[in-house]
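Remember, our numbering sits 78 above the position in the sequence shown when you count from 1.
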Amino acid sequence: MGEKISYSADGMRAVASQMLTDAHTAIGNHDAAWRQMDNHLQSYPDIIQGLLRNIVEPHQKHLRSTYEWQISFANALKTSADQLELADQNVANEFTL
C-alpha cells in the first residue's frame with residue numbers, strides 16, 4: 079500500500095496567511111515602483127512615451143497578475159482548509175453514537 083498523505087488544516091491556513099502577506103506586500107511594492115516608472119515615462123515626449131509604454135506595460139500587467147494569482151491561490155487554499163476540516167467533522171459526527 080502507498081504512503082499515507084496527510085494535510086493539516088492549520089498548516090494550510092498558515093501557508094495561506096503567509097502567502098497573502100507576501101503577495102500583498104509584493105503588490106504594494108510593485109504598484110509603488112510602477113507609479114515611479116510611470117512618472118518617469120511622463121517626462122519623455124509623447125512619441126517616446128508610447129514606444130516605451132509598449133515595452134513596459136505588458137510586463138507590468140503580467141507581473142501584477144502573478145501577484146493577483148498568488149492572492150487567489152492563497153484564498154483558495156484557506157477555503158480548502160476550511161472545507162477539509164468541515165468534512166472531517168462531518169465524518170466524525172456520522173460515527174458518533
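Even glycine gets a Cβ: it sits at the ideal position worked out from N, Cα and C.
N- and C-terminal bounds of the alpha helix (DSSP H) containing residue i
| i | result |
| --- | --- |
| Glu-172 | 124-172 |
| Gly-89 | 87-119 |
Selected residue, minimal CA-CA separation from residue i, among the options
| i | options | result |
| --- | --- | --- |
| Leu-119 | Ser-86, Glu-135 and Asn-107 | Glu-135 |
| Lys-156 | His-137, Met-97 and Asp-166 | Met-97 |
| Asp-100 | Met-90, Ile-149 and Arg-142 | Ile-149 |
| Leu-141 | Met-90, Asp-88, Asp-109 and Gly-80 | Asp-109 |
| Arg-91 | Thr-174, Asp-166 and Asn-153 | Asn-153 |
| Ile-105 | Ser-143, Pro-123 and Lys-82 | Ser-143 |
Buried or exposed (CB count within 10 angstroms, at least 16 for buried), residue i
| i | result |
| --- | --- |
| Ala-170 | exposed |
| Ala-94 | buried |
| Ala-159 | buried |
| Tyr-85 | exposed |
Residue i versus residue j: straight-line alpha-carbon distance, rounded
| i | j | result |
| --- | --- | --- |
| Lys-139 | Ser-121 | 21 Å |
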